[in-house]
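**Student:**
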Amino acid sequence: MLNYDLVVVGGGPAGMAAALKAKECGVKDIVILERAETLGGILEQCIHSGFGLTYFKEELSGPEYAARFIDLVEKTDIAVKCDTMVLDIDENNLVTAVNKKDGLLKIQAKAIVLAMGCRERPRGALEISGTRASGIMTAGTAQKYVNLDGYMPGKKVVILGSGDIGLIMARRMTLEGAEVKVVCELMPFSGGLTRNIVQCLNDYNIPLRLSTTVVETHGKDRLEGVTIAQVDEHLQPIESTKEYIECDTLMLSVGLIPENELTKNVGIAIDRVTNGASVDEMRQTDHPGVFACGNVLHVHDLVDFVTMEAQLAGEGAADYILNGAKETVYVPTTTGNGVRYIVPQRVNIKNPNDVKLYFRVGRIFKNAKVVLEIDGNVISSKKKIKLAPGEMEDVVIPASVLAGMTENSTITVRVEE
Amino acid sequence: MKRDLICVACPRGCMITVEYEGTEVYSVTGNTCKRGEEYARTEIVNPTRNIASTVKVNGGVHPVVPVKTSAPIPKTMIFDCMREINAVTVDAPVKLGQVIIPDVLGTGVNIVATNND
Chain A
19 MLNYDLVVVG GGPAGMAAAL KAKECGVKDI VILERAETLG GILEQCIHSG
69 FGLTYFKEEL SGPEYAARFI DLVEKTDIAV KCDTMVLDID ENNLVTAVNK
119 KDGLLKIQAK AIVLAMGCRE RPRGALEISG TRASGIMTAG TAQKYVNLDG
169 YMPGKKVVIL GSGDIGLIMA RRMTLEGAEV KVVCELMPFS GGLTRNIVQC
219 LNDYNIPLRL STTVVETHGK DRLEGVTIAQ VDEHLQPIES TKEYIECDTL
269 MLSVGLIPEN ELTKNVGIAI DRVTNGASVD EMRQTDHPGV FACGNVLHVH
319 DLVDFVTMEA QLAGEGAADY ILNGAKETVY VPTTTGNGVR YIVPQRVNIK
369 NPNDVKLYFR VGRIFKNAKV VLEIDGNVIS SKKKIKLAPG EMEDVVIPAS
419 VLAGMTENST ITVRVEE
Chain B
820 MKRDLICVAC PRGCMITVEY EGTEVYSVTG NTCKRGEEYA RTEIVNPTRN
870 IASTVKVNGG VHPVVPVKTS APIPKTMIFD CMREINAVTV DAPVKLGQVI
920 IPDVLGTGVN IVATNND
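Chains A and B are the protein sequences, given in the same order. Number 49 in my numbering belongs to position 31 of the first sequence; there are no gaps in the numbering. Number 889 in my numbering belongs to position 70 of the second sequence; there are no gaps in the numbering.
(1) Could you tell me the alpha carbon to alpha carbon distance between SER79/A and PHE323/A, rounded to whole angstroms?
(2) Looking only at its own chain, which residues have a Cβ that is under 7 Å from the Cβ of GLU299/A, when we skip the five neighbours before and after it?
(3) Below 7 Å between beta carbons: does that hold for ALA452/A and LEU105/A?
(4) Have a look at TYR194/A and THR873/B and give me their C-alpha separation to the nearest angstrom.
(5) Which residues in the same chain as THR861/B place their Cβ atom closer than 7 Å to its Cβ, once the five residues preceding and following it in sequence are excluded?
(6) Within the same chain, show all residues whose beta-carbon is closer than 8 Å to that of CYS2/A, passing over the 5 residues directly before and after it, in chain order.
(7) Going along chain A in order, which residues have a C-beta closer than 7 Å to the C-beta of THR873/B?
(8) Taking GLU197/A as the reference, which of ASP101/A, ILE183/A, ASP182/A and PRO225/A has the closest Cα?
(9) Counting only beta-carbon atoms, is PRO81/A nearer than 7 Å to chain B?
(10) Going by DSSP in three states, VAL827/B sits in which element: helix, strand or coil?
(11) State yes or no: is the beta carbon of THR212/A nearer than 7 Å to at least one beta carbon in chain B?
(12) Given that GLY832/B touches chain A, what residues does it touch there, using C-beta distances under 7 Å?
(13) Determine the extent of the beta strand (DSSP E) in which ARG137/A is found, giving its start and end residues.
(14) Using CA coordinates, which residue listed in ASP167/A, PRO171/A and GLY148/A is at the minimum distance from MET155/A?
(15) Can you tell me whether DSSP reads VAL324/A as helix, strand or coil?
(16) Distance cutoff 7 Å, beta carbons only. Does LEU185/A sit that close to anything in chain B?
(17) Can you check which of these residues, ALA36/A, ARG189/A and GLY243/A, is closest to ILE50/A by C-alpha distance?
(18) Chain A beta carbons: is any one of them nearer than 7 Å to that of VAL909/B?
(19) Which residues in chain A sit within 9 Å of CYS829/B, going by Cβ to Cβ distance?
(20) Pick out whichever of MET103/A, ILE125/A and GLN126/A has its Cα sitting closest to the Cα of VAL116/A.
(21) Which residue's Cα is closest to the Cα of ILE60/A: LEU24/A, VAL321/A, LEU20/A and ILE415/A?
(22) Tell me, which residues are paired with HIS236/A by DSSP?
(23) DSSP three-state label for THR873/B, please.
(24) Of the choices GLU264/A, LYS384/A, GLY181/A and GLY243/A, whose alpha-carbon is the least far from that of MET205/A?
(25) For SER889/B and GLY927/B, I'd like the C-alpha separation in whole angstroms.
(26) Between which residues of its own chain and THR192/A is the CB-CB distance below 6 Å, once the five residues before and five after are set aside?
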């Protein structure tokens, strides 16, 4: 059996930033366990730019952003085991993993950071009738084919879902000579960033059809076309609007699901909205010494925020390893009008620092206010020209306010129209 | 003339209004940073974009290495630039930051590798 102070599960941007922060805080023995052949996570295939504007104040591509952290990890004595799959974590923080070189590994950890990221919602999760013809894939899979493996998965493309990966792939396929016929979005608004609609769709005259979905796929061996239809207010397809579109590829960009099998096995409480662990402001789960950060906790739109969140988790894990469990008085964060979820789900009022709450709204709001209310008093009220479900927002509880709170206090974030 | 733009300089996506005549910009409003003003002016006078793609590699870990434009190029040259990028093959090892095509299409912009391979 191996012994490490900190085991980090996942070597993407979250795992690397958490490990580096813990190292900086004085943790000695750290190991990162990564399933893929190299560190970097999904950033390796995100070759477009737009990463790092917040954190590095410059615009980087995904691999460039990852390389900065890979270089930093390599300069430390943080152990890295790639090609390594974590199979289990038990209630005593014993990690079981496997790889070709070491065989079965048992690692006893003082603390664990969960940074497994997320995966794409697959076709099976949607109710689309039709055969299992080839040419139907998630947008991220297509992105791997084009950007890492170097081949084109198709020539005539329909994209279902207007998440960022779908939008990015619409542009990428167009640049490589494919014809992207349409991007269909079930909801009446896009789940992607506005800038991506402008620079990925509008720039190339690719139509975005809102309140529209794919109802059937056609073709036996290879996809030959899809039937699309508009949906009513209950998201049900309207028969009279059915339309056939010829295509050989259907890409799905219909949401990301945090990959929490390990988390659930430990018995850690999961937030039903985020599908990630329920955590405190240092990203500690309800299992002592187990922290979670990045897309395994909740799906982020920007890697910069993943990095910052992972640093909190790394700091929290370091504090737990070096100083033991803290005195905690938890107050839950409550979602008010228009707010779909808040991370963290609870705040330790003994925390001496400002605490930032990240949240998403449930629909589009224009000229609204974001209100933070503590014990019924308005602490802050910030005007927003636009709030959209695709864009994460934040609000800060000042340390001074936190210090005046009691175990019976309430924290609410709501949108005021 | 008045035109509403959505800024693509950063993920914030500010809604910007530009007042202009021909290529003369009178006012830019709605932006929340300097980059936004710059974007709006360029968008009226000569819209530019960064592009990212891949280049074939001989003998590398992966069959392709990612590349990008070192600075934005005129929007009208995007597809010509893609043709140049797709015509090139490089030999491994490729270093992050390595210039793959210098001065692409006489723009003064380089095509550079954005990963090691």
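Don't be surprised by glycine CBs; every beta carbon is placed ideally from N, CA and C. Please read these numbers as outputs of a predicted model, since none were measured by experiment.
**Tutor:** Taking the geometry as given:
(1) Along the first sequence, one-based indexing puts residue 79/A at 61. Along the first sequence, one-based indexing puts residue 323/A at 305. Taking C-alpha positions only, SER79/A is separated from PHE323/A by approximately 16 Å.
(2) Counting from one through the first sequence, the residue named residue 299/A turns up at place 281. PRO362, VAL365, ASN366, ASN369 and VAL373.
(3) Nothing in the structure corresponds to residue 452/A, since chain A is present only between 19 and 435.
(4) Locating residue 194/A in the first sequence gives position 176, counting from the first residue. Locating residue 873/B in the second sequence gives position 54, counting from the first residue. For clarity, residue 194/A is Glu in the given sequence; the question names Tyr instead. Approximately 10 Å between the Cα atoms of the pair.
(5) Position 42 of the second sequence, counting from 1, holds the residue named residue 861/B. Sequence-distant Cβ neighbours of THR861/B in its own chain, meaning closer than 7 Å and more than five residues away, are THR867.
(6) Outside the displayed span of chain A (19 to 435) sits residue 2/A, for which this structure offers no information.
(7) Your numbering for residue 873/B matches position 54 in the second sequence. Neighbours of THR873/B on chain A, chain order: ILE65, ASN165 and GLY168.
(8) Walking along the first sequence from the start, residue 197/A turns up at place 179. Checking every option, the nearest Cα to that of GLU197/A belongs to PRO225/A.
(9) As a position in the first sequence, residue 81/A is number 63, starting the count at 1. Cβ-Cβ to chain B under 7 Å: yes for PRO81/A.
(10) Here residue 827/B refers to the residue found at position 8 when the second sequence is read from its first residue. Coil, per DSSP.
(11) The residue labelled residue 212/A in the question sits at position 194 within the first sequence. It does: the Cβ of THR212/A has a partner Cβ on chain B nearer than 7 Å.
(12) Numbered from 1 along the second sequence, position 13 holds the residue referred to as residue 832/B. Listed by position along chain A, the residues whose Cβ is nearer than 7 Å to that of GLY832/B are LEU211, THR212 and ARG213.
(13) Working through the first sequence from its first residue, we reach residue 137/A at position 119. First-last of the beta strand (DSSP E) with ARG137/A: 136-138.
(14) The sequence position of residue 155/A within the first sequence is 137, counting from 1. When each option's Cα is compared against that of MET155/A, the closest is PRO171/A.
(15) In the first sequence, the residue the question calls residue 324/A occupies position 306. Annotated three-state conformation of VAL324/A is helix, per DSSP.
(16) To locate residue 185/A, count along the first sequence from 1; it is residue 167. Judged by the 7 Å Cβ criterion, LEU185/A is not in contact with chain B.
(17) Reading the first sequence from its first residue, position 32 is the one you call residue 50/A. Its Cα nearest to that of ILE50/A, the residue ALA36/A stands out among ALA36/A, ARG189/A and GLY243/A.
(18) As a working note, residue 909/B is residue 90 in the second sequence. For VAL909/B, the answer is no, since every Cβ of chain A falls outside 7 Å of its Cβ.
(19) Counting from one through the second sequence, the residue named residue 829/B turns up at place 10. Neighbours of CYS829/B on chain A, chain order: GLY68, LEU71, THR72, GLU77 and ARG213.
(20) The count along the first sequence starts at 1 and reaches residue 116/A at position 98. Residue MET103/A is the option with its Cα nearest to VAL116/A.
(21) Walking along the first sequence from the start, residue 60/A turns up at place 42. Of the listed residues, the one whose Cα sits closest to ILE60/A is VAL321/A.
(22) The residue labelled residue 236/A in the question sits at position 218 within the first sequence. HIS236/A pairs with GLY243/A.
(23) Along the second sequence, one-based indexing puts residue 873/B at 54. Note: THR873/B maps to strand in three-state DSSP.
(24) Translated into the one-based positions of the first sequence, residue 205/A becomes position 187. The option with the nearest alpha carbon to MET205/A is GLY181/A.
(25) Position 70 of the second sequence holds residue 889/B. Position 108 of the second sequence holds residue 927/B. Cα to Cα, SER889/B sits roughly 9 Å from GLY927/B.
(26) Position 174 of the first sequence, counted from the start, is the residue given in the question as residue 192/A. Within the same chain, THR192/A has close Cβ partners VAL198 and TYR222.
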